[in-house]
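Going down the list, the protein sequences come from chains U and C.
Using this note's numbering, you'd call the opening residue of the first sequence number 16 and step up by one each time.
Using this note's numbering, you'd call the opening residue of the second sequence number 6 and step up by one each time.
Glycine included, C-beta positions come from ideal geometry on N, C-alpha and C.
Reviewing the structure listed below.
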Amino acid sequence: MQEPNTNTDVIQGTLDLLILKTLSFEPMHGFGIARRVEQISCGVFKVNPGSLLTALQRLERAGWLDSEWRQTPNSRRAKFYKLTRTGRKQLEFETADWTRRASAIARLLKAEG
Amino acid sequence: MSLWRQLSHGLRVLTHRRAADEDVADEVQHFLDQAAAESVTRGLSPEEARRAAKLEVGNMDAVREQIREAGWENLLESFLADLRFALRLLRNSPGFALVAVLTLALGIGANTAIFGLIDAMLLRPLPFTESDRLVSMWTMLPRWGREVASGPDFQDWRKSAALEDAAAVSRTSMNLGDVTEPERLIAGRATASLLPVLKLHPIIGRNFAPAEDQPGGPNVVLLGRALWLRQFGGRTDILGKAIQLNAVPYEVIGVVPTEINIIAAADVWIPQALRSDLPRRGDFLRVIGRLRPGFTVEQAQAQLATLAHQLSDQYPDTNKDVGIGTADLHADLVHNARPMLLSLWIAVGFVLLIVVANVANLLLARAATRKKEVAIRVALGAKPARLLRQLLTESLVLAFIGGGLGIGLAYWALGAALKFLPWKLPEGVSVQISGLTLAFAAGVTLGAGILFGMVPGIQAVRSSVFSFLKDGRRTSQAGHQSTRRGLVSAEIAIALLLLVGAGLMIRTVQRLRQVDPGFRGNGLLTFRVTLPPEQYSEQKQVIYYNQLLSRLAALPSVQSVGATSDLYFESGNYFSFQIQGHPPKRGEEPDAYSSAVTSAYAQTMGVRLIRGRFFTDADRENSAKVAVINEKLAKQYFGWQDPIGQHVGFDTDKGVTVWREVVGVIGDVHQETLDKAPYAEMIVPLAQSPQPAIAIVIRTSARPELLVPAVRHEVQAIDANVPMYNVRTMDEITSESLLDRNFQTWILGAFAALALLVAAIGIYGVMALAVTQRIWEFGIRMALGAQPSQILSLVLGSALRLVAVGLGIGLLGSLALARFLTAFLFGVSAHDPSTMLFVAVLLGLVALLACYVPAFRAMRVDPIVALRYE
């Protein structure tokens, strides 16, 4: 079974935020989200497909995402996710929260250095 | 909104499992395809691209499983699967399932039933509004301790600043006449304040008016609900009508609710008129108070202590050093039942512990045989947590089947136990399985399930992590074995505790049965009659009694008939007296249990005459006044002097001292209960002290019960309006005084027997498995020349160590716990060595018996078969 991977563990707490942020630009499918996160973070964050798809399911259940199945050009079904209105609110909240924490940590680190 | 999504999405997955799985598979597949397509655009060949994509995504099945496990519905699904599996396992080993479920049902059932009693009696508040402000109040006499209150004292207490108000209650009995079936009623007398203090309201009609409980007030009556329904069909038009009590009309002004019986059980209530000239030390009132809001019981106690000091200074003749006791009404009402209920609770707690230990033991034994199954699960990728969850599900299934049965059992047992309950529950209190009791039962069940599931669960997980599939055939059982042996020793220790408790109670009951009450109880029928003073003057009373006694004496099989004002074990009065020539110091007047009896009484009761003479028919109203005393009084107050011919005096209501000559000494009688020592006693002739209420005792050569119809016929023939009541045999009355101990003994005995059985099962299980696991070793020993007897002593020796440890711990524990029983014991010490020894030997023998079968099997091992074993 899946051994917990340290890389994804780093992301774990912020994965939701990253997904919400990515989807705030346009609706996307799972692979698209994964690639976008990796590109924007310049490869710092590697997204594990299992964790990503599980997180998508969870966020959808929480009411922050809606999903729909679309036919893709090569005739496969793909599940596209888009942000809901509550999802957008959640993103704002989590962004503010993250910024607050990050700046607090930054200040702490600076004070020590 | 999101809760709704959670539910609907989860339900959709559950109902359309295949479609949901397909969705997940498609999504993962799409991810993979996209990854491959991307690699192709970066210039990889399709073959390489697919490999790269697979590398990125990882094991497709694992990813799908990860996604599938996320929602709540999957937890539910795996739980249901575990449940099905657990039930199948139980079906496959019915013997194990039966023992586990039955012992659990008994253990949880017993706990639920006892908790139901505790809930009803101790936990649930009294059914009165703001009942926490109700207190019980009493007099504390310097020499005698707790006593009820006198009229003048009550009037003073009532004015205390700590109290909103107080009410005084006493009881009497009256004949209800002018109805189709006349009956003897218990009449409560209450001040008009009783209903307001309790915050009760009449079902119909009104309470006593403030003026109605004054001396000379009108004859008004409140009907109890039960009597209202029984005699008057629950009709509301009874209000304003008159009923005949002791042949005097009383106007019905209302009907009171059942809850009032908690204060005092009564059929009707009449006003308690307190004359202002009542003596201060004539105590006959029970006092109930309602505290002012904001006052605690402690504050009230302090206030009343000050009041008691004032009264002591003000009335030194009667109130010197007399205190006022007060306590929460509920606590006061149940203070007799509390220690017994708590002791029973401890006992059932132990029963449950032993059951839990035993089931854990059985599960461990099964775990040993399930090692392979667990190992395969682990090899197939089951995580320890998942494994633990499955094992816990199994034990919880067991617990809840047992618990469900147990609650049913408790429901039935409570109904049955109420009949044997040594205290009558007041009508207003009901004992059912309440919500709280159900919650308790569910909690106990859950706790038990987790407790006995954790032990084998942790064992299984630990061994599966460290040694799975190694299958150490003969060596890896050591861990299991030591846990199991520990559990069995614990079972033996707890069983011993319960057996010691039961043993001590049995000894107590034995000792009590050996006590000679001082009279011959068998072959005695007793009943009471009471003559309404309104129709029967003292002269008429004597005529009535003489007529009744001679009619009864003429009945066939009747040997003798006597009458007494107070029957031993049923009622009694203690009067202070003086001895001529020895004026007592104030506050140290001697007192004695006193009754007025007829001349044939001593012979009928079978009381021994030690010296002098008993009364004769010549001791009449106008002959010389005489008295008979018991040995105890003679020794206590006359010492070596001969009491015969001495004179003793009683003060009458009118303040006159009546002197009587002591003419005889009778043997000591246990007047109240078998466990209370005989008290000083003084008897006077009924003819010289007529009483409106008497008890008749009839000695018969037939079975006393058979005499009842004939006796009833004679009583009716004299005056149909005078009912006979309290018809009982003397044996019934004496055994009633043993009721609470019998109840406790039976329950403790049953629990102890259950514990013994369960412990025996535990020992058998452990030894049987140990022998099975060592068969190979025994085979080698036998092949090398060991005698069967040596094998036997090997097995028994290991069992004996187990038993000895359990017995040792149990004996230490019972030394510590037996003091909880001290209050119930009689004639036996809580650390009675013979009881402890007997119980330990009994338990040891049962334990050895339980080992015998496996040991015997070990002895008969055929080395060839054993070495081929497995």
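Asked                                                                                                                              : Found
Top-ranked residue by Cα proximity to C:E135, from C:L205, C:D87, C:M142                                                           : C:L205
Span separating the alpha-carbon of C:S694 from that of C:T442                                                                     : 54 angstroms
Residue nearest to C:Q319 in terms of C-alpha spacing, selected from C:N731, C:K246, C:D161                                        : C:D161
Where the segment 20-35 of chain C meets chain U: residues whose CB sits under 8 angstroms from a CB there                         : D28, V29, D31, E32, V33, Q34, H35
Whole-number beta carbon distance between C:L139 and C:R295, since they are thought to touch under 8 angstroms                     : 6 angstroms
Proximity test, Cβ basis, 8 angstroms: C:I351 and chain U                                                                          : no
Under the three-state DSSP convention, the category C:Y606 falls into                                                              : helix
Within chain C, partners of U:T69 - CB distance below 7 angstroms                                                                  : Q71, I72, A75
Where U:G45 meets chain C, residues with beta-carbon distance less than 8 angstroms                                                : E32, H35, F36
Segments assigned beta strand (DSSP E), at least 3 residues, entirely inside the segment 64-125 of chain U                         : 80-86, 92-98
Any chain U beta carbon closer than 8 angstroms to C:R479                                                                          : Because C:R479 carries a pLDDT of 45, less than 50, the predicted location of this residue cannot be relied on, and no value is offered for it.
C:N180 in three-state terms, based on DSSP                                                                                         : strand
Neighbour flag for C:A404 against chain U, beta carbons, 8 angstroms                                                               : no
is_contact[U:K94, chain C] using C-beta, thresh 8 angstroms                                                                        : yes
is_contact[U:R116, chain C] using C-beta, thresh 8 angstroms                                                                       : no
Per DSSP, the bridge partner or partners of C:N116                                                                                 : Beta-bridge pairing links C:N116 to no other residue.
Proximity winner among C:E782, C:L530, C:T657, C:Q778, relative to C:A707 (alpha-carbon distances)                                 : C:L530
When U:E53, U:R51, U:F46 are compared against C:A42, the one with the closest alpha-carbon                                         : U:F46
8 angstroms Cβ cutoff, C:V68 in contact with chain U                                                                               : yes
Inter-stretch contact at 8 angstroms, needing at least 3 Cβ pairs: the segment 603-614 of chain C / the segment 567-585 of chain C : yes
Beta carbon proximity, C:F473 to chain U, threshold 8 angstroms                                                                    : Residue placement at C:F473 is flagged as unreliable, the pLDDT there being 46, under the threshold of 50; a coordinate-derived value is accordingly withheld.
Exposure label - C:E636; buried when at least 16 CB within 10 Å                                                                    : buried
Residue-level contact to chain C via CB, U:G65, 8 angstroms cutoff                                                                 : yes
Beta carbon proximity, C:Q306 to chain U, threshold 8 angstroms                                                                    : no
Top-ranked residue by Cα proximity to C:L502, from C:R616, C:L759, C:V33, C:I119                                                   : C:L759
C:T705 and C:V563 closer than 8 angstroms at C-beta                                                                                : yes
Proximity to C:V833 [Cα-Cα], best of C:R516, C:N341, C:W350                                                                        : C:R516
Chain-ordered neighbours of C:H14 on chain U, where CB pairs are closer than 7 angstroms                                           : R76
Buried or exposed by the 16-neighbour rule on C-beta atoms within 10 Å, applied to C:V870                                          : exposed
Proximity winner among C:D673, C:W664, C:S581, C:Q585, relative to C:G611 (alpha-carbon distances)                                 : C:D673
Integer Cβ distance of C:L509 from C:L847, believed to fall under 8 angstroms                                                      : Contact flag wrong, Cβ pair sits at about 14 angstroms.
Neighbour flag for C:R489 against chain U, beta carbons, 8 angstroms                                                               : no
Distance between C:I72 and C:L109 (C-alpha atoms, nearest Å)                                                                       : 39 angstroms
Helix, strand or coil at C:E186 according to DSSP, with G and I counted as helix                                                   : coil
Identity of the residues DSSP links to C:H3 by a beta bridge                                                                       : The question about residue 3 of chain C has no answer here: the residues shown for chain C are numbered 6 through 875.
Cross-strand partners of C:I701 (DSSP beta bridge)                                                                                 : C:F532, C:A568
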